[in-house]
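Participant: My questions will all concern the structure given below.
Protein chains: 2
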Amino acid sequence: MRVNGCDYRTVWMEGSTVHMIEQNLLPFDFSIVELPDHAATARAIAEMTVRGAGAIGAAAGFAMAQGFIEQKESASLPHAAKAAILATRPTAQNLFYAVERVWKAGCEGGADGAVAEARAIADADAEASCRIGKFGSKLIGNRANILTHCNAGWLAFVDFGTALSPIYHAHRDGKSPHVWVDETRPRGQGARLTAWELTQAGIPHDIIADNAAAHFMARGEVDIVIVGADRIAANGDTANKIGTLEKAICANHFGIPFYIAAPIATIDAACPDGNAIPIEARSSDEVLWQQGVDAEGKRHTIRVASPGASARNPAFDVTPAALISGIITEQGIIDAASAGAIATNHKE
Amino acid sequence: MRVNGCDYRTVWMEGSTVHMIEQNLLPFDFSIVELPDHAATARAIAEMTVRGAGAIGAAAGFAMAQGFIEQKESASLPHAAKAAILATRPTAQNLFYAVERVWKAGCEGGADGAVAEARAIADADAEASCRIGKFGSKLIGNRANILTHCNAGWLAFVDFGTALSPIYHAHRDGKSPHVWVDETRPRGQGARLTAWELTQAGIPHDIIADNAAAHFMARGEVDIVIVGADRIAANGDTANKIGTLEKAICANHFGIPFYIAAPIATIDAACPDGNAIPIEARSSDEVLWQQGVDAEGKRHTIRVASPGASARNPAFDVTPAALISGIITEQGIIDAASAGAIATNHKE
Chain A
651 MRVNGCDYRT VWMEGSTVHM IEQNLLPFDF SIVELPDHAA TARAIAEMTV RGAGAIGAAA
711 GFAMAQGFIE QKESASLPHA AKAAILATRP TAQNLFYAVE RVWKAGCEGG ADGAVAEARA
771 IADADAEASC RIGKFGSKLI GNRANILTHC NAGWLAFVDF GTALSPIYHA HRDGKSPHVW
831 VDETRPRGQG ARLTAWELTQ AGIPHDIIAD NAAAHFMARG EVDIVIVGAD RIAANGDTAN
891 KIGTLEKAIC ANHFGIPFYI AAPIATIDAA CPDGNAIPIE ARSSDEVLWQ QGVDAEGKRH
951 TIRVASPGAS ARNPAFDVTP AALISGIITE QGIIDAASAG AIATNHKE
Chain B
651 MRVNGCDYRT VWMEGSTVHM IEQNLLPFDF SIVELPDHAA TARAIAEMTV RGAGAIGAAA
711 GFAMAQGFIE QKESASLPHA AKAAILATRP TAQNLFYAVE RVWKAGCEGG ADGAVAEARA
771 IADADAEASC RIGKFGSKLI GNRANILTHC NAGWLAFVDF GTALSPIYHA HRDGKSPHVW
831 VDETRPRGQG ARLTAWELTQ AGIPHDIIAD NAAAHFMARG EVDIVIVGAD RIAANGDTAN
891 KIGTLEKAIC ANHFGIPFYI AAPIATIDAA CPDGNAIPIE ARSSDEVLWQ QGVDAEGKRH
951 TIRVASPGAS ARNPAFDVTP AALISGIITE QGIIDAASAG AIATNHKE
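Taken in order, these protein sequences are the chains called A and B.
Those letters in the first sequence? Residues 651 to 998, per the working numbering, in order.
Those letters in the second sequence? Residues 651 to 998, per the working numbering, in order.
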């Protein structure tokens, strides 16, 4: 995707150096970090310089390839590098998958094989996101108003993203979409990252308080809702950023199509339904405090709630399959109820 | 209500001096301002030292009484004071009502009559809120979890409030309620004012991101929703803080009772339905920037969204009567659909 007129991916490799957009500084500063070895790349993954399932997977694959490059002259395998990379984000499924693939390729083909496999993983992620966009853009009419929640844009993947990819494609096709960007409290990924992406892409949008979505739905100003997914159960129940369930219920109330956009790898066929998905409880400080920059550009962390008050902060919620119009995947748009079967076929 | 162990109203009069809680400093500082004359009180109303329909009305009544006191020795009426008070908050219905009542009493009974009338207005507001609490507390079971949105507590009235009054009464009755406090972006009245009130009252509560309400409803952790109202149409459609509609739709989806708490004066019998209620569009800066204090207590205003992004900020939404289980008034709990008829009878 383009930033300040240049094409970027979230993470890529040049020679033996991994490059990443420093996402911790967004949306206030845009910069690229250069990571010379696996240790630096692993640290960047742990410190969330890169975030989002697809982007973390690609970064981990490149880090593993760096591990093989570092041991090129010796006969030993980079076991320590593998352990260090696996320890960065203990619950990221894509990370394990990518590290194992690159490990196997490195064992068989050495550093060159490892680098080629890491590139293939990143390319496949970008290709899947691109295909999601092509399928999803068919759902977007001319001058459509699309509501999205959180950030399932290209910053969370290698390129294009999931929920935003159909919007990017519709924009390129000249359909003039307009996007309602849910702020997405408490962490504000909509106001910070989705709005930043859309500004860079030149796509008209308005940030709204999460509270305002139903108001615009009631006025007929939302044509379709598209969001990403963190995990999809076999029956189609979908875990995604907290607030997704509210948007799904409201869209259902007003008869507005509600779509999930996600690669098939997001479907966990071994998970029967939403009840089996554990919900991460994050620190209440994310609700009670906010970070940002003042008018002079100086960063501050401020308390935005009454001192002494407590807070609860579930990071995700589960939207039942019955509220989901369809899942936009790289294989096409599927019924939520058939998610498990399609994921199982895809694997075989 | 008690603050730091002492009983307070939001606004009261001692001699010729009006006292108010300085609400602009809440929740970070608690202080009382003393306003020696009508000009000072009018300025405090305009600067939102006092806010909320009931509290503004009481303050305006006291300011008008101060106008009569200031002219006690002369034969002329305080026309200039009346004009100054009426100009403070041009859309506040309670303000006009209170000023007219005190004006009439002052014309007939002089300064003493004006002061007595202003006190009667404040007492009636507190009494109505108290009665709302008594009726509403019957809806709250032992150890109930109540969700509320925005601040319809005593800070918005003279005492007790509307949506929070049933909770205060249930707490005093030993029912051990727990309150889910919607943060209420963009202005955060839940996180700032409702949480502050509940902390002072010693009522267990948790602030949640507005996004999290449906999640707790889905888990069976919300027994009832009670919110306030800015304006109720004759057919029961209710305008209230943005986000109220989302909570009503979600409560309806999960079969959770959803109540409005408001004095009958909030019903506008001349307004046929929600379509006739204009929705104020407020500055996008309220969405894009946030105010608060840092760890050292220093106030900052920070940008919390991507620079250059635009925002939309409707201040209210309209919840259709069909989603409302009932309206808790000082006359008892009424059907939303009969709002107009009851308000008309009440006036006659």
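Note that CB positions come from ideal geometry on N, CA and C, so glycine has one too.
Please state if the CB of B:A713 and the CB of B:H688 are separated by a distance shorter than 8 Å.
Facilitator: Stepping through the second sequence from its first residue, residue 688 of chain B is reached at position 38. Stepping through the second sequence from its first residue, residue 713 of chain B is reached at position 63. Yes. Within cutoff.
Participant: For B:H828, write down the residues that DSSP places opposite it in a beta bridge.
Facilitator: Counting from one through the second sequence, the residue named residue 828 of chain B turns up at place 178. Its beta-bridge partners are B:N795.
Participant: Does the beta carbon of B:D918 come closer than 8 Å to any beta carbon on chain A?
Facilitator: Locating residue 918 of chain B in the second sequence gives position 268, where the first residue counts as 1. So, not an interface residue.
Participant: Can you tell me whether DSSP reads B:R651 as helix, strand or coil?
Facilitator: Counting from 1 along the second sequence, the entry for residue 651 of chain B is found at position 1. Per the sequence shown, the amino acid found at residue 651 of chain B is Met instead of Arg. Coil, per DSSP.
Participant: Between B:D860 and chain D, is there a C-beta pair that is closer than 8 Å?
Facilitator: Considering every chain present, this structure includes no chain D. Its protein chains are A and B.
Participant: Given A:I719, which residues of its chain have a CB within under 8 Å of its CB, disregarding the five upstream and five downstream residues?
Facilitator: Here residue 719 of chain A corresponds to residue number 69 of the first sequence, with the count starting at 1. These residues qualify, in order along the chain: S666, A761, A764, V765.
Participant: Who pairs with B:V661 in a beta bridge, going by DSSP?
Facilitator: If you number the second sequence from 1, residue 661 of chain B lands on position 11. DSSP, once it has assigned bridges, lists B:M670 as partnering B:V661.
Participant: Quick one, are the C-beta atoms of B:A851 and A:S956 less than 8 Å apart?
Facilitator: For the purposes of this step, residue 851 of chain B is taken as the residue at position 201 of the second sequence. For the purposes of this step, residue 956 of chain A is taken as the residue at position 306 of the first sequence. Taking 8 Å as the Cβ cut-off, B:A851 and A:S956 do not qualify as a contacting pair.
Participant: Along the segment 886-919 of chain A, where does the CB come closer than 7 Å to a CB of chain B? Name the residues.
Facilitator: Those residues of the segment 886-919 of chain A that come within reach of chain B (Cβ to Cβ, closer than 7 Å) are I892, G893, L895, E896, I899, C900, H903.
Participant: Report yes if the C-beta distance between A:S934 and A:N902 is below 8 Å; otherwise report no.
Facilitator: Working through the first sequence from its first residue, we reach residue 934 of chain A at position 284. Working through the first sequence from its first residue, we reach residue 902 of chain A at position 252. No, they are not a contact pair.
Participant: Inspect the beta-carbon positions of B:E833 and B:I857 and report whether they are closer than 8 Å.
Facilitator: Position 183 of the second sequence, counted from the start, is the residue given in the question as residue 833 of chain B. Position 207 of the second sequence, counted from the start, is the residue given in the question as residue 857 of chain B. Against a cut-off of 8 Å, the Cβ pair of B:I857 and B:E833 comes out as a contact.
Participant: If you follow the beta strand (DSSP E) that A:N995 is in, where does it begin and where does it stop?
Facilitator: Position 345 of the first sequence, counted from the start, is the residue given in the question as residue 995 of chain A. Per DSSP, A:N995 belongs to no beta strand (DSSP E); it is in the alpha helix (DSSP H), 989-997.
Participant: B:E871 and B:S795 - do their beta-carbons sit closer together than 8 Å?
Facilitator: Against the second sequence, residue 795 of chain B aligns to sequence position 145. Against the second sequence, residue 871 of chain B aligns to sequence position 221. According to the sequence as given, residue 795 of chain B is Asn; it is not Ser. In this structure, B:E871 lies closer than 8 Å to B:N795 by Cβ.
Participant: Taking CB distances under 8 Å as the criterion, tell me whether A:E672 reaches chain B.
Facilitator: Here residue 672 of chain A corresponds to residue number 22 of the first sequence, with the count starting at 1. Answer no: the Cβ-Cβ gap between A:E672 and chain B never drops below 8 Å.
Participant: Give me the chain B residues within the contact set of A:G942, using Cβ-Cβ distance strictly less than 7 Å, ordered along the chain.
Facilitator: Along the first sequence, one-based indexing puts residue 942 of chain A at 292. By Cβ distance, chain B contributes Q940, I952, R953, V954.
Participant: Determine which residues share a DSSP beta bridge with B:T979 and list them.
Facilitator: In the second sequence, counting from the first residue as 1, residue 979 of chain B sits at position 329. In DSSP, B:T979 forms a bridge with B:G982.
Participant: Measuring alpha carbon to alpha carbon, tell me which residue in A:C656, A:A898, A:K891 is nearest A:F680.
Facilitator: Within the first sequence, residue 680 of chain A is the residue found at index 30, counting from 1. The option with the nearest alpha carbon to A:F680 is A:C656.
Participant: Indicate whether at least one CB of chain A lies closer than 8 Å to the CB of B:A864.
Facilitator: The count along the second sequence starts at 1 and reaches residue 864 of chain B at position 214. So, interface residue.
Participant: Is there a C-beta anywhere in chain A that falls below 8 Å from the one on B:V668?
Facilitator: Counting from one through the second sequence, the residue named residue 668 of chain B turns up at place 18. Closer than 8 Å: no.
Participant: From A:V749 to A:V661, what distance separates their C-alpha atoms?
Facilitator: The count along the first sequence starts at 1 and reaches residue 749 of chain A at position 99. The count along the first sequence starts at 1 and reaches residue 661 of chain A at position 11. Whole-angstrom Cα-Cα distance: 15 Å.
Participant: Buried or exposed: where does B:L675 fall if 16 or more other Cβ atoms within 10 Å of its Cβ makes it buried?
Facilitator: If you number the second sequence from 1, residue 675 of chain B lands on position 25. Counting Cβ neighbours within 10 Å, B:L675 comes out exposed, since fewer than 16 surround it.
Participant: Could you tell me whether the Cβ of B:D967 comes closer than 8 Å to any Cβ of chain A?
Facilitator: Start at 1 with the first residue of the second sequence, and residue 967 of chain B comes out as number 317. Chain A contact via Cβ: present.
Participant: Would you say A:P827 reaches chain B, if we count a Cβ-Cβ gap shorter than 8 Å as a contact?
Facilitator: The sequence position of residue 827 of chain A within the first sequence is 177, counting from 1. Judged by the 8 Å Cβ criterion, A:P827 is not in contact with chain B.
Participant: Any C-beta of chain A sitting closer than 8 Å to the C-beta of B:I719?
Facilitator: Residue numbering aside, residue 719 of chain B sits at position 69 when the second sequence is read from its first letter. For B:I719, the answer is no, since every Cβ of chain A falls outside 8 Å of its Cβ.
Participant: Which class does B:T738 belong to by DSSP, given the choice of helix, strand or coil?
Facilitator: Working through the second sequence from its first residue, we reach residue 738 of chain B at position 88. Three-state DSSP puts B:T738 in coil, outside helix and strand.
Participant: Give me the Cα-Cα distance between A:I977 and B:Q981, rounded to the nearest whole angstrom.
Facilitator: Stepping through the first sequence from its first residue, residue 977 of chain A is reached at position 327. Stepping through the second sequence from its first residue, residue 981 of chain B is reached at position 331. A:I977 and B:Q981: Cα-Cα distance of roughly 50 Å.
Participant: Please report the distance separating the alpha-carbon of A:D887 from that of A:A802.
Facilitator: If you number the first sequence from 1, residue 887 of chain A lands on position 237. If you number the first sequence from 1, residue 802 of chain A lands on position 152. Approximately 18 Å, taken between the alpha carbons.
Participant: Compute every distance between the C-beta of A:A945 and the non-hydrogen atoms of the ligand NAP, then say whether any falls below 7 Å.
Facilitator: For the structure depicted, the ligand NAP is absent and the ligand set is empty, with no information on it obtainable.
Participant: Under 8 Å between the Cβ atoms of B:A1001 and B:I892?
Facilitator: With chain B running from 651 to 998 in the structure shown, residue 1001 of chain B is simply not present.
Participant: Should B:C921 be labelled buried (16 or more other beta-carbon atoms within 10 Å of its own) or exposed?
Facilitator: Counting from one through the second sequence, the residue named residue 921 of chain B turns up at place 271. When all chains shown are included, B:C921 counts as buried.
Participant: What is the DSSP secondary structure of A:I853, counted as helix, strand or coil?
Facilitator: Residue 853 of chain A sits at position 203 when you count from the first residue of the first sequence. Looking at A:I853 - three-state DSSP - the assignment turns out to be coil, as it is neither helix nor strand.
Participant: Could you list which residues in chain B have their beta carbon closer than 7 Å to that of A:D880, in chain order?
Facilitator: Position 230 of the first sequence, counted from the first residue, corresponds to residue 880 of chain A. None at all; the shortest Cβ gap to chain B is about 14 Å.
Participant: Using 8 Å as the threshold, is the segment 942-950 of chain B in touch with the segment 945-961 of chain A, meaning 3 or more CB pairs across them?
Facilitator: The segment 942-950 of chain B, when compared against the segment 945-961 of chain A, does touch it at the 8 Å Cβ threshold.
Participant: Within 10 Å of its beta-carbon, does B:P913 have 16 or more other beta-carbons around it, so buried, or fewer, so exposed?
Facilitator: As a position in the second sequence, residue 913 of chain B is number 263, starting the count at 1. The residue in question, B:P913, is buried, as its Cβ has 16 or more Cβ neighbours within 10 Å.
Participant: Assuming A:A919 and A:T979 form a contact by the criterion Cβ under 8 Å, report the distance between their Cβ atoms to the nearest whole angstrom.
Facilitator: As a position in the first sequence, residue 919 of chain A is number 269, starting the count at 1. As a position in the first sequence, residue 979 of chain A is number 329, starting the count at 1. The Cβ separation is near 14 Å, so there is no contact.
Participant: What residues in its chain sit with their C-beta under 6 Å from that of A:R722, if we drop five residues either side in the sequence?
Facilitator: The count along the first sequence starts at 1 and reaches residue 722 of chain A at position 72. The sequence given here places Lys at residue 722 of chain A; Arg does not occur at that position. Closer than 6 Å at Cβ, skipping near neighbours: A761.
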